[in-house]
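A.B. asks: This is the structure I want to talk about, given as structure tokens.
Residue numbers (the numbering used here), protein chains in the order written: chain A, 7 to 108; chain B, 2 to 153.
Pasting the structure below:
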């Protein structure tokens, strides 16, 4: 069976620096279960992006003020290494639930 | 692989500073003096730090200050250690304080081109041996050589 696709928003204050850092990490974590597309973004652009559709979930290093309809995982642990295993487990769980419904 | 080289002129070890503004100013001034950033850089790094803080509770706490590329002429990275830890707010959880022992001020012109380098940086952050080596460094040229090796 072909791998399903996941589109993940990687959000940080610059839309580039820490989102780029976690981009590869997301591919490493989820690459075996899905084709992962990661989009780096600013927190203020998230709502518009999610409303446009096709976004499965969000990993962020900045607080997101807007209410959005997809799961949001805090990703700073991926940068620091502290709580990283729990963070990876949460990302996997969120991804598995989404993939199960696709 | 290293797109952004560390440079002796952009490193200051054992900065005596009471607050993050002082550290960011010293490192931003170095970037300015070497022509890597515009006059507006320092002010905008500070401004951004207020909205999107960059303190990281890594094994040895640090901050990775940066701002929009419009304030940058060409990509560079400045690095500093402090004689006593300086308070930064934590990335993602601004109500928490991180007592940073080292500070990177990152000036990126075309951040998308630096993705592999930024990803490398993330692995460096988690390496206790590397972090303690650079935190304890006393010789600028040695630490620059070391940083360029670990980022290569």
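Think of the CB as a built atom: it goes at the ideal place given N, C-alpha and C, for glycine as much as any other residue.
1. How close, in whole Å, do the beta carbons of residue 27 of chain B and residue 16 of chain B come, if the pair is a contact with beta carbons under 8 angstroms?
2. Could you name the residues of the region 19 to 36 of chain A whose beta carbon sits closer than 8 angstroms to any beta carbon of chain C, in the order they occur along the chain?
3. Using a C-beta cutoff of 8 angstroms, does residue 14 of chain B count as contacting chain A?
4. Using 8 angstroms as the Cβ pair cut-off and three pairs as the minimum, do the region 94 to 106 of chain A and the region 60 to 68 of chain B touch?
5. Please identify the residue among A:106, A:94, A:105 whose C-alpha is closest to the C-alpha of residue 30 of chain A.
6. Counting C-beta neighbours from all protein chains within 10 Å, is the total for residue 123 of chain B 16 or more, i.e. buried, or is it exposed?
7. Give the residues from the region 60 to 86 of chain A that approach chain B closer than 8 angstroms (Cβ to any Cβ), ordered along the chain.
8. Pick out whichever of A:52, A:8, A:34, A:32 has its Cα sitting closest to the Cα of residue 181 of chain A.
9. Would the region 77 to 87 of chain B and the region 6 to 15 of chain B be scored as touching if the rule is three or more Cβ pairs under 8 angstroms?
10. Starting from the C-beta of residue 24 of chain A, find all residues in its chain whose C-beta is less than 7 angstroms away, skip the five residues before and the five after it, and write them out in chain order.
11. I need the boundaries of the alpha helix (DSSP H) containing residue 73 of chain B, first residue and last residue.
12. At a CB-CB cut-off below 9 angstroms, which residues of chain A make contact with residue 113 of chain B?
13. How many angstroms separate the CA atom of residue 89 of chain B from the CA atom of residue 8 of chain A?
14. Ignore the nearest five residues each way along the sequence and tell me which others in residue 86 of chain B's own chain have a CB closer than 8 angstroms to its CB.
C.D. replies: A quick look at the data gives this:
1. Numbered from its first residue, the second chain carries residue 27 of chain B at position 26. Numbered from its first residue, the second chain carries residue 16 of chain B at position 15. Confirmed, Cβ separation roughly 6 angstroms.
2. Although the question refers to chain C, the structure presented lacks it and instead comprises the protein chains A and B.
3. Along the second chain, read from residue 1 onward, the residue named residue 14 of chain B stands at position 13. With 8 angstroms as the cut-off, residue 14 of chain B does not count as an interface residue toward chain A.
4. no
5. In the first chain, residue 30 of chain A corresponds to position 24, counting from 1. Checking every option, the nearest Cα to that of residue 30 of chain A belongs to A:94.
6. Start at 1 with the first residue of the second chain, and residue 123 of chain B comes out as number 122. With 16 or more Cβ atoms within 10 Å of its Cβ, residue 123 of chain B is classed as buried.
7. 66, 67, 68, 69, 80, 81, 82, 84, 85, 86
8. Limits of chain A in this structure are 7 at one end and 108 at the other, which puts residue 181 of chain A out of reach.
9. yes
10. For the purposes of this step, residue 24 of chain A is taken as residue 18 along the first chain, with counting starting at 1. 18, 67, 85, listed in sequence order.
11. The residue given as residue 73 of chain B occupies position 72 in the second chain. First-last for residue 73 of chain B: undefined, no H or E at that position.
12. Working through the second chain from its first residue, we reach residue 113 of chain B at position 112. Result: 22, 26, 46.
13. Indexing the second chain from 1 puts residue 89 of chain B at position 88. Indexing the first chain from 1 puts residue 8 of chain A at position 2. Between residue 89 of chain B and residue 8 of chain A, the C-alpha separation is close to 46 angstroms.
14. Along the second chain, read from residue 1 onward, the residue named residue 86 of chain B stands at position 85. The residues are 62, 100, 101, 102.
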